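Engineer: One structure follows; several queries about it will come next.
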Amino acid sequence: MPKPFIKSILALTTFAVATAVSYRFFDTIDITGITMLYLLVVVFNAYFLGFFFSLATAISAFIAINFLFIAPQYTLHIASPHSWVALISFMMVSVVISSLLKRLQAETNKALNAKRRVQFSKELIEHIATSTNINELLNTSSRLIQQFFNKPTAIAQIQSDLSYLITHHHQLTAQPDKEALEWVAETGKVIGPHTDNWPDSHCWIIPFDRLPSKAPVMVIGDIDASSPDELLGDLKGHADQIYAVYQRLIHLEQSRQAELIAQEESIQNALLASISHDMRTPLTAILGAATSLSTQGKLLSTEEHQRLLGSIASEARHLSTSTENILALVQLESAQSMHIALDWQSPEEIIGTLLARYRERDNTKAIATDIKTFSLIKANATLLSQALANLMDNALVAHQGKEPIMVCVKESNQTISVSVKDRGTGFSREFSANDIKKFSQRDKNSKGFGLGLAIVQAIAHKHKARLTIENREGGGSKVALIFPAESLMQASD
Amino acid sequence: MMSKPTQIMIVEDDADIGEFLIASLKAAGYQPQWKKNLTDAKIAFDSEKPALIILDLTLPDGDGRDFITDIRVHSDVPIIVLSARQSEQEKVACFTLGADDYLSKPFGVNELLARVMVALKRTTMMSLRDHIYSVDGLVIDSQNSTVSLSGMALHLTPLEFKLLFTLVKKPGKVFTHRQLLTEVWGAEYVDDTHYLRIHMGRLRAKIEADPATPRFIITELGIGYRLAPN
């Protein structure tokens, strides 16, 4: 039903009720009471139905009072000047009250509207402040603005090839003009009705950045010259709010990238620093031994022959380990943490394969395992094996005595740890996992020591595992990789 | 009368590795022949019928994997692939095509000879006794579906039986994770390697003295498993 129709019915009803009551009780209430009653109806209608209906009620009441209650009754003639004054006063009071109420209502509406807008502004900030990425920010903003203003909304983002990609559109069907989008990006100015630019278009294009920039722009559709000016003001304000969060996220992402680069650089520095030691030393030894054998072979004794050949083999093996470390490093650096293929791996298998390799190479040092679980670890088999190999290399260099080097897998408190324990000299008291880079070059005489632990740490990092280093009671050290609950698949028994 | 030495074909384009292979195999009593490209290898294979092929994958006139495919059309000759340790995908692809084993570069002479021996043994053993596997007290009788360790019958679950019987079809040969999952669980399980790993862990706990140092079921990390040859 149309609203004016309901309002007319209401106005008529109130008027009829007032007239009926006055007519019925005309004997007991005098003309003053009747005018007051009608005045009440006029005020009621002014407040609830608006100026037009209250004026109509006032005029009708004026006629009704004259016709029904003022002598002579049932005529429009007014005999007494006293009645004239009363009637005209009634009319004037009605009109004044109606127009006052009209103004009050307009002010109230304005205040309510302002309150709503402020509330939305607050709500928008609250929603977008917690955005963790730009995509989420733009999507939430676009959706909330569409819902609040009930206008089709979209965000246009400039691409690397300078084309625009319309994203996060909520009900916006018509594509904005490419030329217009480019103009907005070049000038940082708004396009659309109530502006000097493209005032005839049917949308507003509002840039996030008020200066020429490649920041996204907001497109609000379904706009024409009748759209209120203040709506544009509000939207510009919201664009500023969104842009503030946008910039924060951009900075956050940049600092994240910088941190990543710094981390990679530190690994790279460790690599470069140790290449000279880890690779040149064995190469020098191999070259020396080989040239000696080929040029002076006849002058050397059988024992010397054997010794030089043995050294070529052992140095080559060391070189091979270094190469594997470097390959692991390249793999770690080239693949972002997301892209390293992780699968459920059996720690027993990885350790078993690794130890088989060590036993084949050198069985003079005893290695034992303590694995009492079938549970699996989410890992990259090559990288985990590499990390353990580096820990084994360190343990083999440091280890003394008859007790075997222990490789253990343990589950506790929803985590799973893989550790290598030796009976060597242990780490110096002040050494901790945080100092791996600082201490990586501490012992220039031990083979491959520094790069090894730095790689173990990088591998742990890629697996979200924790690297712990501690000295054991009774001598030696224990180095462990502790994997979080999400990297553990318990095998039910 | 001395038996004719076993012929081994080496397909490798790198001169130093070729020299090393030839010298080591000759010293071990084999008769190696060295082909430096696929074209020569293909011609020689048809005429000389080697007992084993050692194949490098990157060759000047093509991919070694194509050679595996060609050979498997009409021959079951053992093929050992030479590959870099990092490239598991490549190894898996080779096993899927029908390679028997691989040697990770760099490798020593002991590893080379051990792998050659295993691959040669597998062919002779298969022709002799097809259905009884017996190594160090572990006896797998695939015809009667029984498994015993040191004379004691083992109680295995149906899945564990199936796993073991798949491996025993070709002792010494590497079965990839996907091959085992397809054979034991079914084609729709090819990506569920965790099933395989957990059941393999349990199976090893039953048959191996020290599962971390397996004697019977050898892990090929990132690739699959093989049963130690007898």
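As given, the protein sequences belong to chains H and A, one line each in that order. If you're matching positions, the first sequence starts at 6 in the numbering used here and goes up one per residue. If you're matching positions, the second sequence starts at 19 in the numbering used here and goes up one per residue. Where is the CB? At the ideal position from N, CA and C, for every residue including glycine. The structure presented is a predicted model; accordingly, all values stated were derived computationally and were not measured.
Examine chain H for any beta-carbon lying closer than 8 angstroms to the beta-carbon of T200 of chain A, and answer yes or no.
Structural biologist: It does not: the Cβ of T200 of chain A has no partner Cβ on chain H nearer than 8 angstroms.
Engineer: At least one CB of chain A closer than 8 angstroms to the CB of T430 of chain H: is that the case?
Structural biologist: No, its Cβ sits nowhere closer than 8 angstroms to a Cβ of chain A.
Engineer: H212 of chain A versus chain H: which residues are under 7 angstroms apart at the beta carbon?
Structural biologist: Ordered by position in chain H, the residues that pass the 7 angstroms Cβ test against H212 of chain A are W349, L381, M494.
Engineer: Tell me which same chain residues have a C-beta within less than 6 angstroms of the C-beta of P78 of chain A, skipping the five on either side of it?
Structural biologist: Within the same chain, P78 of chain A has close Cβ partners D31, N55.
Engineer: So if I threshold CB-CB distances at 8 angstroms, which residues from the stretch 216 to 231 of chain A count as touching chain H?
Structural biologist: Those residues of the stretch 216 to 231 of chain A that come within reach of chain H (Cβ to Cβ, closer than 8 angstroms) are I216, M218, G219, R220, R222, A223, D228, P229, A230, T231.
Engineer: Considering only DSSP beta bridges, list what F193 of chain A is partnered with.
Structural biologist: BP columns for F193 of chain A point to A:Y243.
Engineer: Skipping 5 residues on each side, what residues in its chain have a beta carbon closer than 7 angstroms to that of E238 of chain A?
Structural biologist: Correct list, in chain order: V192, R244.
Engineer: Counting C-beta neighbours from all protein chains within 10 Å, is the total for Q499 of chain H 16 or more, i.e. buried, or is it exposed?
Structural biologist: For chain H, the structure presents residues 6 to 498; residue 499 of chain H sits outside this window and is missing.
Engineer: Mind reading off the beta-carbon distance from G242 of chain A to T194 of chain A? Whole number of angstroms is fine, and I expect it under 8 angstroms.
Structural biologist: Contact holds; Cβ gap of about 4 angstroms.
Engineer: Are the beta-carbon atoms belonging to I382 of chain H and F488 of chain H less than 8 angstroms from one another?
Structural biologist: A contact, by the Cβ cut-off of 8 angstroms.
Engineer: Along chain H, which residues have their Cβ under 8 angstroms away from the Cβ of P176 of chain A?
Structural biologist: Here the premise fails: no neighbours, minimum Cβ distance about 18 angstroms.
Engineer: To the nearest angstrom, how far is it from the Cα of K60 of chain A to the Cα of T286 of chain H?
Structural biologist: Answer to the nearest angstrom: the Cα atoms are 43 angstroms apart.
Engineer: Nearest CA to the CA of A373 of chain H: which residue from H:Q391, H:D427, H:L332, H:N385?
Structural biologist: Of the listed residues, the one whose Cα sits closest to A373 of chain H is H:D427.
Engineer: Using the beta-carbon count (16 or more within 10 Å), is T158 of chain H buried or exposed?
Structural biologist: It counts as buried.
Engineer: Helix or strand or just coil, what does DSSP make of A25 of chain A?
Structural biologist: The identity of residue 25 of chain A in the sequence shown is Gln, whereas the question assumes Ala. In the structure shown, Q25 of chain A sits in a strand (DSSP, three-state: E or B).
Engineer: With DSSP run on the structure shown, which of helix, strand or coil describes S165 of chain H?
Structural biologist: Looking at S165 of chain H - three-state DSSP - the assignment turns out to be coil, as it is neither helix nor strand.
Engineer: For the alpha helix (DSSP H) containing D34 of chain A, list its first residue and its last residue.
Structural biologist: It spans 33 to 45 - the alpha helix (DSSP H) in which D34 of chain A sits, taken as one unbroken run.
Engineer: Could you work out which residues of chain H lie near G36 of chain A, taking near to mean beta carbons separated by less than 7 angstroms?
Structural biologist: Within chain H, no residue comes near G36 of chain A; the closest Cβ sits about 18 angstroms away, beyond 7 angstroms.
Engineer: What first and last residue would you give for the beta strand (DSSP E) that runs through L73 of chain H?
Structural biologist: Element bounds for L73 of chain H: n/a, residue is neither H nor E.
Engineer: Does DSSP put N202 of chain H in a helix, in a strand, or in coil?
Structural biologist: In the structure shown, N202 of chain H sits in coil (DSSP, three-state: anything other than H, G, I, E or B).
Engineer: Given this structure, state the Cα-to-Cα distance separating K53 of chain A from M27 of chain A, to the nearest angstrom.
Structural biologist: Each residue's Cα considered, the two are about 7 angstroms apart.
Engineer: Counting Cβ pairs, one atom from each stretch, are 3 or more of them under 8 angstroms apart for the stretch 160 to 178 of chain A and the stretch 125 to 140 of chain A?
Structural biologist: Short answer: they don't touch.
Engineer: So with CB distances below 7 angstroms, who are the chain H contacts of E206 of chain A?
Structural biologist: Residues of chain H passing the Cβ test: none, with the nearest at roughly 18 angstroms.
Engineer: Using DSSP bridges, identify the partner residues of N476 of chain H.
Structural biologist: DSSP lists H:S482 as partners of N476 of chain H.
Engineer: Using a Cβ-Cβ cutoff of 7 angstroms, what residues of the stretch 382 to 414 of chain H are near chain A? List them in chain order.
Structural biologist: Answer set for the stretch 382 to 414 of chain H: A386, T387, S390.
Engineer: Under 8 angstroms between the Cβ atoms of L73 of chain A and V136 of chain A?
Structural biologist: Not a contact, by the Cβ cut-off of 8 angstroms.
Engineer: In or out: M41 of chain H buried (at least 16 other Cβ within 10 Å) or exposed?
Structural biologist: The residue in question, M41 of chain H, is exposed, as its Cβ has fewer than 16 Cβ neighbours within 10 Å.
Engineer: Taking the C-alpha atoms as reference points, what is the distance between A400 of chain H and L347 of chain H?
Structural biologist: C-alpha separation (whole angstroms): 27 angstroms.
Engineer: Say whether chain H places a C-beta atom closer than 8 angstroms to the C-beta of E108 of chain A.
Structural biologist: Closer than 8 angstroms: no.
Engineer: Rounded to whole angstroms, what's the CA-CA distance from H243 of chain H to S146 of chain H? Just pull it up for me.
Structural biologist: Distance between the alpha carbons of H243 of chain H and S146 of chain H is about 9 angstroms.
Engineer: Which word fits H310 of chain H, buried or exposed, when buried means at least 16 other C-beta atoms lie within 10 angstroms of its C-beta?
Structural biologist: Looking at its Cβ environment, which holds fewer than 16 other Cβ atoms inside 10 Å, H310 of chain H is exposed.
Engineer: Can you tell me which of the three DSSP states W203 of chain A falls into?
Structural biologist: DSSP places W203 of chain A in coil when its eight states are reduced to three.
Engineer: Once you ignore the five residues that flank C1 of chain A on each side, which residues in its own chain have a CB closer than 7 angstroms to its CB?
Structural biologist: This structure cannot speak to residue 1 of chain A, because chain A is shown only from 19 to 248.
Engineer: Quick one: what's got a C-beta closer than 8 angstroms to E66 of chain A's C-beta in the same chain, skipping five residues either side?
Structural biologist: Cβ within range, chain order: Q25, M27, Q51.
Engineer: So the candidates are H:S88, H:Y52, H:L288, H:S126; which of them puts its Cα closest to the Cα of R108 of chain H?
Structural biologist: When each option's Cα is compared against that of R108 of chain H, the closest is H:Y52.
Engineer: With distances taken from CA atoms, which of H:A21, H:I139, H:V22, H:A179 is nearest Q252 of chain H?
Structural biologist: Ranking the options by Cα distance to Q252 of chain H, first place goes to H:I139.
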